[in-house]
Every structure is written in structure tokens, then in C-alpha cells.
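In what follows, a structure is listed as C-alpha cells, so that the remarks can point back to it.
Residue numbers (the numbering used here), protein chains in the order written: chain A, 177 to 676; chain B, 92 to 286.
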């Protein structure tokens, strides 16, 4: 087993260290840092834009680059959070609290350094976690039948619903709406084009990129413009990058705890970077001396920043072992694999080991590149923050439009994206969180297919989802999760947690 | 009965509307049975659940402890009048417009946009309009002119429009688009009209 691991990692590094893959990895993490630093454009829009381009790359190069964008964005996001008090990335929201406070005390340098060191440590650990846990999980997954897949997807959707901000009922409704939108297009079994209103463009279904770009990208630009520009750029000269020994000693425990928590929460369906950072900060506030939190406590930077990077990386586990995305970025990774003709699932690891292990090895290399990019080159990223939003958003719009158009060279797709942009704006106004909708949209056709197969195999006996052991456990977990959230005490803390 | 939470009121209506809509359309397809589910089975069940949840959110709007005004979206009367006038004119001038290609399509689309724009902020109207125009202009006008249209129209949606900056930004992005998208990534866009 241990020999296998070393052997496999050897294959992985062999693939990842080819100059071509190193170059794509570098390109990915630079781009990731860039969009992480810039508020208003995130990994979803960026990866969506690059999807059509990846068609011309080899599968492994494409995946290495796209993965680099995701975890690179976690590094970049912390820079903006610390210096400007605006999360460059949603997973850095919590870093603003203590990071910005440290910057105001003239300690921006150590805050940035600790964030990068914590992220690097977490990235290394998470890489090992994936290497250790993905193979056994994939073996379990090979035993999965349609009933198990269906129950697993239910668990994933419940997870996404529970983690959404605000009202639980609205989050469930958004999930259902997402599932329904995912069903638009030709039904595989009967060949009937459902909900296409006679439009040939809709008979293939709506592209995931179109929905994600509209609901996340365009809607965010519109709301940003509506609220007006209120960025208090705090770009003091960043001097004295090196943290003191005391800083390192204070934050080492927080980095360890953040990494452990993030690695665990990233694996959960519906989890990932965002949830991990919140949980790590909450945990840190319950341990030791808490008097300095919110006033520039270095642990308040170290823990969430380690956690979000760990979570970002371990969220690849459900994708690589089960073929099920746990968040929108992972859904795009599925899209990238499909473009290359690879069906995501447990068989990837055995049939294409170079793909799986190459990607894991590239994550470690990418993290090393990120530390180098983020510490000495911090000045460049800081300069970027002085670009005003009024110049940024037309550029973002252009990239999004070109990305959508190039999917199938169809003006109709661009118009459809605008429609989803409108819908996304309405969601923001009505306080309906779009993340569950996106997950539902991706899982809709998969769920229907597995439900049909499971029911056909069991001759219409719906109890099969509970009587099969793995499926039963998964559904049980989903129900418990839902019940816990509905319990009055948890409900209150959840509301408080999301307000912070 | 007073509506206490305007956001829940509209969200409830929206969800119920979507749920019922999907259910209604599903009636056109075969339902099948639990063993052999037809194309209507899953969407009907989901649509029903969504409609029920929508109704629950709707009801909650009347008992909510989180007050929020009913007016969630802004409304501009001039845009609405413009939309109705343009739509009406297009309808009446039907026979005249037949001779010009795309004219009817473009005018109807613009009227629709004015109608939607009447309910939101200026930024929403202009951002979405610029995007759609880019999509439909890219092929006939080429990448250069479509980019110019996109940048200039969307820039009007911002708070301060500075002529000089927009000119420079447009030039930079056009160059970027030509060099990176067309030359670098090899995307099949024509640069100028009629190429």
C-alpha cells in the first residue's frame, strides 16, 4: 500500500514535471491569483471562459491549469481581504476581520506572509490527504449502483441547501428550480425535447456555463454597479514582510487546526473553501485567548486561510472518486473532463492513473509556485488593486461574452446568458442564494437517470433506497443533516454565523 | 392581511409560478409509471414540490417577523411608456419593416428590453443590453466593432463615465481581443464586417 502510494506519486510527478505541464500549472496559478486579487471576478467565470480553449490542450494539461486557477484564487483572495477589507474571493470574507485590522496597525506584511505560509502548509497536507483517501473511496464507489448514486446526490443537495445563506425553505426551492432547469432539453429515454418551446437551440439543453455566468457573473456586476463604488483602498506601502518568531509561534496551532478542519469539510458534498474558512474561524474563536479577535489577531488570519486552501483542494476528492461535483467549480471541472471525452468517476483512477496522480502532484508544485508568487511579488498584486471597478467591469463583460459565444458560436447562447443574468439579479434582490440552484442544475439529469434505473431494477419498489445499506446510510445522513438544521438552537447559531 | 415581507411575497410567487409552469408543460409528455418513468414523471414531481414550497414562502410573507417593503424593484414610467410605444409602432409598421432584414427582430427585442429595464436599475438595463448586442453583432459587424459597442454601452451603466478613459479602455481591449482571442487562442471570429 505504501509502496503503491510512492509509486503512484512517482508517476504523478513524472507527468506534472514535464515542462509543458509546469507551464500550464504556472499559467493557472498566476491567473488564479490575479482573479483572486480582483474582486468581482471569481474562479467560476474564469474557468467557464477557458473551457472552450481547453479543448485544444491535452486532458492532463487542461485539468492541471483549471485546478491551479481554483486554489490560486484562494491565495489571491486573502491579499485583497487584508489590504482592502473586501474579499477578493468569497472564501476570504472572514479573513477581512482580523487581516484588515492587522493592516491598519501596519502589520499587513506579517498578515500576508502568514496567510501564504498557512495556505502552503494546508495545500501540502491536503495533497497528501487526497493521495491517501481517494483510492479507497474510489474502490467503495465502484460498488455504487443507481440507488446509491441517487442517495449520494440527495445528500449533496441537502448539504448545499444547509450551507446556503438565509432562509432554508428558499434554499430548497432554489435547489428544486435548479433540478428542473437542468431537465430542459432532450430526454435520453424517450427522445422528447422537454421544455424547449419548439426552439431548436434548447433541444440540447442549456449549457452549464451559460447559467453559471449569468447567475454569478452578470448578476454580480449589476448589483455591484447598483450599490456604487465604495472601495476604501488601503494600500500603504507593505513593508517588513517577514513575520516575527512570536507570530509564527502564535499561528502554528491555528494553521494546524485550520488545515485539519478544512481537509475534512472539503470532502463533504456541498463543502469546499467557503464553508471551511467559516468553520475554522469559529473554532479558533473558542480556543485560548480570544480577546484580540477582530482587532488584529494573527490566528484569525492563519486559521481561515489555511482552511480555505485545504478545503479547495480536498473538494476534488468527491469529483475524482465519485464523479460528483461538490461545488460549482467542481461542476466546471466535470465539464472540462467531458470536453476531453473522460467520464468522471471511480474508473478514472484505474484507467487513467497518469491523469489522477499527475493532477495531485501538480497541486503540490502549484502551491510552491504560489508561495513564491505571493510573497516577493506582492507589490505587483497590490498595484492591481488600484484599478477602479469602472474599468474592470467592461473588461469582465467582454471576457464572459467571448467565453459564452465561443462555446458554440451562437448569439442565442449570449442572449440566454443575459436572461440568466436578469434572473440572477432577481435572486439577489429576493435574497435567494444561487449556489444550490447551480448544484441542482448540474445534478438534475444525473439524478433523474439514476432514479429511473433504480426504480426499474427494483420493479417500482421505492423502499430500495432505504434497504440497500450504503444508500440507506447516505439518505439517513441527509435526513439527520436536515433535521439538525431545523432544530431551533442550531437554526439560531446558523443565522448568527452567516451574519458575521 | 398585510404583506410584511415583500421579498418573501415576490419570491413565493416566483417559485410557485415556476413550479406550476413546469408542471403544466409536463402534461404534454407521457407520464409513465413508477417502474418505467416517462419524461413527465420527474419534472411533475419536482414542479409540484416547488409549487408547494413557493406557496409556503408566499404565506410566510404575511406572518414574517423580518419586515421588508413590498417595493423590491424600482420602476421607471418613461421606459415603460417607451417600451409600449415602440412595441405598438413595430406592430403597426409591420408591412413597412418587411423590406429591411432584421429590423422587426431588432425593434421587438429593443421594446422587450425597455419593458424589462423599466423594473430595474439603469446598470441592469445597460449591462444586459450591451451583452445581447455584442452577441448578435459579433458575426455581422466583426469583433472590433462589437467590442466597441459592448464597452461603450456597458460603460454608461457605471457611475461616472469618463470619455478619455473609455476611449483608452476600448482601444486596449480591442487590441487584446484581436491578439489574444483571434491570433493567440485561434477563436474563429471575423475582425471586420462582411469578412
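A virtual CB, placed ideally from N, CA and C, is assigned to each residue, including glycine.
A Cβ-Cβ contact shorter than 9 Å links residue 255 of chain A with residue 291 of chain A. Considering only A/572, A/346 and A/523, the residue with the shortest C-alpha distance to residue 146 of chain B is A/346. In the three-state reduction of the DSSP assignment, residue 261 of chain A falls in the coil class, being assigned neither a helical nor a strand state. Excluding sequence positions up to five before and after residue 313 of chain A, its CB lies within less than 7 Å of the CB of 493 and 497, all in the same chain and listed in chain order. Ranking B/154, B/107, B/103 and B/108 by CA distance to the CA of residue 94 of chain B puts B/154 first. For residue 174 of chain B against residue 202 of chain B, the beta-carbon gap comes to about 5 Å, under 8 Å, which counts as contact. The beta carbon of residue 550 of chain A sits closer than 6 Å to those of 251 and 292, all from its chain and outside the five residues before and after it, given in chain order. Of all residues in the segment 624 to 635 of chain A, those with a C-beta nearer than 8 Å to a C-beta of chain B are 624, 627, 628, 631, 632 and 635, reading in chain order. From the listed residues A/631, A/207 and A/184, the smallest Cα separation to residue 306 of chain A is found for A/184. Contact with chain A is found for residue 98 of chain B, since one of that chain's Cβ atoms lies less than 9 Å from the residue's Cβ. Looking only at B/142, B/109 and B/162, the smallest Cα-Cα distance to residue 96 of chain B is reached by B/162. Contact between residue 631 of chain A and residue 176 of chain B fails: their C-beta atoms lie close to 54 Å from each other, not under 8 Å. Taking C-beta separations shorter than 6 Å and ignoring five residues to either side along the sequence, the partners of residue 642 of chain A in its chain run 648, following chain order.
A Cβ-Cβ contact shorter than 9 Å links residue 354 of chain A with residue 620 of chain A.
Residues of chain B whose Cβ lies closer than 8 Å to the Cβ of residue 245 of chain A do not exist, since the nearest Cβ in that chain is about 16 Å away.
Per DSSP, the beta bridge partners of residue 369 of chain A are A/362.
Cβ atoms of residue 318 of chain A and residue 645 of chain A stay farther apart than 8 Å, at about 16 Å. Not a single CB atom of chain B sits nearer than 9 Å to the CB of residue 215 of chain A.
With respect to chain B, the C-beta atom of residue 580 of chain A has a partner C-beta closer than 9 Å. CA-to-CA, the gap between residue 168 of chain B and residue 209 of chain B works out to about 7 Å.
Approximately 25 Å separates the beta-carbon atoms of residue 400 of chain A and residue 247 of chain A; this is outside 8 Å, ruling out the contact. Taking a cut-off of 8 Å for Cβ pairs, the segment 353 to 369 of chain A and the segment 610 to 630 of chain A touch, as three or more such pairs fall below it. At the C-beta level, residue 249 of chain A and residue 209 of chain A come within 9 Å of one another. In this structure residue 361 of chain A is in contact with residue 372 of chain A, their Cβ atoms being roughly 7 Å apart against a cut-off of 8 Å. Taking the Cβ atoms as the reference, residue 316 of chain A lies roughly 20 Å from residue 657 of chain A, outside the contact range of under 8 Å. Ranked by how close their Cα comes to the Cα of residue 505 of chain A, the residues A/593, A/481, A/552 and A/442 have A/442 in first place. Closest by C-alpha distance to residue 113 of chain B, out of B/207, B/137, B/98 and B/127, is B/137.
By the neighbour-count criterion, in which a residue is buried when 16 or more other Cβ atoms sit within 10 angstroms of its Cβ, residue 628 of chain A is buried.
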